[in-house]
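Asker: Once you've had a glance at the structure underneath, I'll fire off some questions.
Residue numbers (the working numbering): 1 to 197.
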């Protein structure tokens with residue numbers, strides 16, 4: 001059975017089970033509050049084990065990462081679970097929005113060219129890692145926040161709880177082409193770095 005079919009079955013059975021428990025609570029057959037307070041740690045352990053086992057079952061993590069090359073001017077991408085590597089090669093990049101609730105975002109903008117003016121890119125996640133590779137000379141302004149984890153913007157790293165960081169390239173205000181990046185993560189890491197070439 002393929003991995004995607006197993007995932008569909010797992011989440012399908014989980015939702016059916018939750019629905020049955022809620023229905024039994026509504027019919028006064030059982031108390032959902034008592035059931036939930038007793039079994040929620042087991043449910044969390046089960047979901048955690050599934051995520052860990054899926055990550056470690058055969059092949060490298062890189063081979064399990066979905067890889068996409070995008071040529072759109074406005075990038076829009078959203079995913080609930082999983083890792084994604086996005087290559088943006090558009091020569092008139094106009095910003096956009098990327099969100100992965102649980103997983104990794106690896107965004108490569110190194111070969112993109114931004115349109116004139118200030119463009120806005122929003123990245124968000126709940127649990128995981130967000131990594132952005134910028135063109136070497138692009139002027140950027142970054143606002144990053146993480147509840148628990150670390151933020152690395154170029155050569156500066158902060159870690160801990162409730163971290164808010166800002167960065168602005170020298171000459172950003174007067175640059176003809178510039179990118180404003182807003183990035184937030186609840187639990188995990190944020191990394192913004194530049195391409196070597």
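Virtual Cβ for every residue (Gly too), placed ideally from N, Cα, C.
For residue 177, collect the residues of the same chain with a Cβ closer than 6 Å to its Cβ; drop the 5 residues on either side in sequence, then sort them by chain order.
Answerer: Taking the chain shown and counting its residues from 1, the one referred to as residue 177 is at position 177. The residues are 114 and 116.
Asker: The beta strand (DSSP E) with residue 173 in it runs from where to where?
Answerer: Counted from its first residue, the chain shown places residue 173 at position 173. Note, residue 173: premise wrong, no beta strand (DSSP E); not H, not E.
Asker: In whole angstroms, give me the CA-to-CA distance for residue 73 and residue 97.
Answerer: Counting from 1 along the chain shown, the entry for residue 73 is found at position 73. Counting from 1 along the chain shown, the entry for residue 97 is found at position 97. Each residue's alpha carbon lies about 11 Å from the other.
Asker: On the CB-based measure, 16 or more other CB atoms within 10 Å of its CB, does residue 16 come out buried or exposed?
Answerer: Counted from its first residue, the chain shown places residue 16 at position 16. Exposed, since its Cβ has fewer than 16 Cβ neighbours within 10 Å.
Asker: Name the DSSP bridge partner or partners of residue 185?
Answerer: To locate residue 185, count along the chain shown from 1; it is residue 185. According to DSSP, residue 185 bridges with 125 and 146.
Asker: Does DSSP put residue 118 in a helix, in a strand, or in coil?
Answerer: Looking up residue 118 in the chain shown gives position 118. Strand at residue 118.
Asker: Is residue 173 buried or exposed, if buried means 16 or more other CB atoms sit within 10 Å of its CB?
Answerer: Within the chain shown, the letter at position 173 stands for residue 173. Residue 173 comes out exposed.
Asker: Would you mind working out which of 135, 145 and 37 sits nearest residue 125, comparing C-alpha positions?
Answerer: By 1-based counting over the chain shown, the position of residue 125 is 125. Nearest option by C-alpha distance: 145.
Asker: Between the C-alpha atoms of residue 184 and residue 118, what's the straight-line distance to the nearest angstrom?
Answerer: Start at 1 with the first residue of the chain shown, and residue 184 comes out as number 184. Start at 1 with the first residue of the chain shown, and residue 118 comes out as number 118. Residue 184 and residue 118: Cα-Cα distance of roughly 20 Å.
Asker: Count the other C-beta atoms from every protein chain shown that fall within 10 angstroms of the C-beta of residue 83, then say buried if there are 16 or more, exposed otherwise.
Answerer: Looking up residue 83 in the chain shown gives position 83. Buried: at least 16 other Cβ atoms inside 10 Å.
Asker: Going by the DSSP bridge assignment, what does residue 106 pair with across the sheet?
Answerer: For the purposes of this step, residue 106 is identified with residue 106 of the chain shown, where counting begins at 1. The partner list for residue 106 (beta bridge, DSSP) reads 85 and 131.
Asker: Would you grab the beta carbon distance between residue 132 and residue 192 for me? Rounded to a whole angstrom, and I think it's under 8 Å.
Answerer: Position 132 of the chain shown, counted from the first residue, corresponds to residue 132. Position 192 of the chain shown, counted from the first residue, corresponds to residue 192. Indeed, because the Cβ distance is near 5 Å, the residues count as touching under 8 Å.
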